[in-house]
Every structure is written in structure tokens, then in C-alpha cells.
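Peer 1: Below is one structure. I have some questions about it.
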Amino acid sequence: MLTWLPELKDRSLMRLASLTDAEMLNLVDLAAQLKARRRAGVRGDLLHRRQIALIFEKSSTRTRNSAVIAARDEGGDAEYLTRPDIHFGKKESVKDTARVLGRIYDGILFRGFAQQTVEELREYSGVPVWNGLTDDFHPTQILADLLTMKESFGTLEGLSVAYVGDGRNNVANSLMHGCAKAGIGYTCCAPAALRPDEKMLAEAEEIARRNGSPVRVCEDPKEGVRGANVIYTDVWVSMGEEAKTEERIRMLRPYRVDMDLMRATGNADGRLIFLHCLPAFHDSSTEATRETGALEVTDEVFESKYSKVFDESENRMHTIKALFVSALNSREAV
Ligand code: CP
Ligand code: NVA
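Below you can see the structure in the form of C-alpha cells.
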């Protein structure tokens with residue numbers, strides 16, 4: 029029996045901070061149930077005839093495919109729309125596009141640049157809108173990360189996460205807020221120039237105070253990861269920041285995740301995992317890294333027993349499905 033989440037019916041997701049702590053954790057639990065249900069061979073009807081528009085300004089492997097399959101698995105469908113496919117923001121304003129697509133679709137998932145765009149889609153479409161990554165946030169990623177942590181450790185309680193790298197990007201912002209909401213200790217290991225934005229940090233600190241978990245920022249990665257159960261990293265150059273590539277590589281070299289850094293946690297198998305939202309630049313991942321060596325994570329860590337990155341990728345689908353189902357499910361279909 030699935031746990032029904034009536035409070036999330038018709039709801040959008042702009043950022044994790046717009047969910048209550050309980051809503052966020054309930055979504056993770058619903059995703060676990062949907063995962064078990066799919067593993068048992070059930071392809072249900074929870075999204076019967078629901079139509080979802082996927083507006084993507086940036087590339088995607090996981091988010092796009094997760095959204096399409098989440099919809100189709102449960103009897104719905106999804107249409108992938110990139111900027112050149114539609115008049116979005118050029119010949120037609122975001123506001124007008126939102127009003128058109130909201131008349132045709134039951135929900136919209138957006139991936140792109142400005143947070144303001146996804147907020148405008150929500151404001152004017154009249155249907156649930158989900159943030160599939162903007163320059164500021166990546167909330168659906170963190171739902172999958174929390175599910176992966178829960179699967180790995182059996183509980184989120186008492187865990188400690190160290191994020192290592194660009195501490196002010198979309199994934200880092202959402203992870204910091206997600207950990208604070210789950211009561212997980214969070215340490216951001218980043219150079220001063222890439223520490224979290226002060227406003228984002230203050231928000232996380234306020235949430236964490238309520239839940240009694242620490243939020244820390246630390247320049248020294250070896251010191252910052254001490255005691256961590258999860259080492260998390262992301263690309264050093266996010267989509268849209270390609271002009272900063274050389275500067276970032278120079279700044280973040282000391283923050284590459286290797287086995288020495290994993291050992292510096294003081295934790296071992298059973299108490300330690302490695303996560304990365306992917307795609308990742310490890311030694312063997314691209315022609316360029318095969319020549320220059322790894323950027324943010326070495327093959328040794330990426331391919332190790334600690335690495336849960338492919339469970340994490342799979343969990344993107346189950347958590348996005350949980351979001352779609354809780355917002356669009358008609359109770360008759362349950
Ligand atoms: N992690 C993630 O969002 O991957 P994609 O860019 O492939 O969607
Ligand atoms: N920070 C990365 C995440 C990719 C899933 C980016 O925005 O490119």
C-alpha cells in the first residue's frame with residue numbers, strides 16, 4: 029500500500045526550502061515504496077493519461093530520462109521541448125508560454141538558467157511546475173541523494189555529509205538545504221572564492237538550528253571531511269559557466285576526491301559512501317580526462333565499493349515519480 033501524501037496534491041517544487049521537512053522526507057519514503065513496487069514488476073496507473081511538458085534549456089541524461097519514464101511507467105506521458113523547438117522566451121514570453129502550456133498539460137518540469145523562469149512558469153501556468161535544475165537549485169537531485177543515503181545507512185539520523193568542490197553551485201545549495209531539513213550535519217569544503225552565498229548559508233543555518241544539526245564551511249578539505257559518512261562532489265564548472273573552466277581547475281585541484289581524502293574521514297566501509305550527481309569527470313570518463321587525469325574525482329574512488337553513484341542515478345527516476353504521483357495522482361487510480 030502506498031503512503032498517500034494529500035498535502036502535496038497540485039503542488040509545485042521550486043526549491044527544497046518550499047517543502048516542510050516532513051513533506052521532503054515523506055517524498056523520499058514514497059519514492060522508496062514506488063521503487064520496491066516497480067522492482068516487484070508493477071507498472072501502475074498512478075499517472076493515467078497525465079501529460080507532462082519537459083522544457084529543457086540545458087542538456088540532461090538523468091533528469092530527462094527519469095521524467096519521461098516516471099510518467100510512462102504509470103500510464104502518463106511526457107513531451108521533451110527545447111528552446112529551439114518552441115518560441116519560449118524569444119518570440120513568445122515565458123508568461124505567455126506558461127499560459128498556453130498550462131491549458132494543454134497537467135504539469136511542467138523545467139531545466140534551465142534563471143530561477144526566475146521556473147517561478148514565472150509556476151505563477152502563470154496554473155499547473156504544478158517542478159524545478160529540474162536552475163543556476164541556483166537542483167531540488168529533485170537531492171531527493172534522490174537522500175533516498176540513496178537512507179538505503180545505504182538505513183536511516184538519515186546522525187549522518188554527516190561533506191560536500192567538496194564548488195560550494196556555491198545549484199547542487200551544493202540544494203544539498204545544504206536538504207541536509208539541514210533532514211537533520212544531517214553538512215560541511216562545505218571549498219576555497220574562499222567558492223564558499224556558499226551568505227544568504228543561502230544563513231537560510232540553511234536557520235533550518236539546521238531547528239533540527240539540531242551543524243552547518244559548517246571549511247577551506248581545508250582534509251579537516252572538513254573528518255567524521256563524514258558521505259563525501260559528495262559535483263563538476264567544477266557547471267553548465268553555463270564554461271568560460272571559467274581554467275580558473276576553476278586551478279582553484280579546485282586541491283579539492284579532488286581521491287582515496288586519501290576518503291581515508292581522512294576516519295570512517296570505513298559500512299559507515300562511508302561516495303556520491304556525485306553526475307555527469308562526472310573521473311580519469312576514464314572522457315577523451316580529455318584520459319589525457320589530463322581526473323578533475324573532481326579519481327577512478328579509484330568512482331569505481332570503488334564506496335561509490336553509490338549509479339544507485340543515486342536510478343533514484344532520480346523513483347524520486348521524480350514520487351513528485352509527479354503526489355502532485356497529479358487521481359485517487360481513483362491508486
Ligand atoms: N544529475 C543530473 O541532473 O544529471 P543530468 O544533467 O544528466 O540530468
Ligand atoms: N552543477 C551541475 C549539475 C549537473 C547535474 C551543473 O549545473 O552543470
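Convert by adding 28 to the 1-based position in the sequence shown; the result is the number in this note's numbering.
For glycine and all other residues, C-beta sits at the position ideal for the given N, C-alpha and C.
Computed from a predicted structure; not experimentally measured.
Taking DSSP as the reference, what is the three-state secondary structure of residue 304?
Peer 2: Strand at residue 304.
Peer 1: Report yes or no: do three or more beta-carbon pairs, one from the region 197-215 and one from the region 239-250, lie closer than 8 Å?
Peer 2: Segments in contact, yes.
Peer 1: Can you grab the Cα-Cα spacing for the pair residue 147 / residue 296, in whole Å?
Peer 2: Each residue's Cα considered, the two are about 42 Å apart.
Peer 1: Under a Cβ-count criterion, where at least 16 other Cβ atoms within 10 Å of its own Cβ denotes burial, should residue 80 be classed as buried or exposed?
Peer 2: By the neighbour-count rule (16 or more Cβ atoms within 10 Å), residue 80 is buried.
Peer 1: How far does the alpha helix (DSSP H) with residue 201 in it reach, from first residue to last?
Peer 2: 198-210 is the span of the alpha helix (DSSP H), which, as asked, contains residue 201.
Peer 1: Report the rounded CA-to-CA distance for residue 153 versus residue 36, giving the unit in angstroms.
Peer 2: Their Cα atoms are separated by approximately 18 Å.
Peer 1: Got a sec, what are the start and stop residues for the beta strand (DSSP E) residue 114 sits in?
Peer 2: Unbroken run through residue 114: none, as it is neither H nor E.
Peer 1: Taking the Cβ atom as the reference point for each residue, do residue 393 and residue 90 lie within a distance shorter than 9 Å?
Peer 2: Residue 393 lies beyond the range of the chain shown here (29 to 362); nothing can be said about it.
Peer 1: For residue 77 and residue 128, I'd like the C-alpha separation in whole angstroms.
Peer 2: Their Cα atoms are separated by approximately 19 Å.
Peer 1: Please check the pair residue 219 and residue 204, which I expect to be a contact at CB under 8 Å, by giving their CB distance rounded to whole angstroms.
Peer 2: Incorrect: roughly 16 Å between the Cβ atoms, too far for contact.
Peer 1: Between the alpha carbons of residue 33 and residue 50, how many angstroms are there, rounded?
Peer 2: Taking the straight line joining both Cα atoms gives about 11 Å.
Peer 1: Would you kindly check if the distance between the Cβ of residue 337 and the Cβ of residue 308 is under 9 Å?
Peer 2: Result yes, Cβ atoms of residue 308 and residue 337 sit closer than 9 Å.
Peer 1: Spatial neighbours of residue 284 within its chain, please: CB distance less than 8 Å, with the 5 preceding and 5 following residues excluded, ordered by chain position.
Peer 2: So the qualifying residues of the chain are 322, 323, 324, 325, 326.
Peer 1: Sorted by chain position, which residues of the same chain lie with C-beta nearer than 6 Å to residue 94's C-beta, five sequence neighbours on each side aside?
Peer 2: So the list reads 344, 345, 348, once near-sequence residues are dropped.
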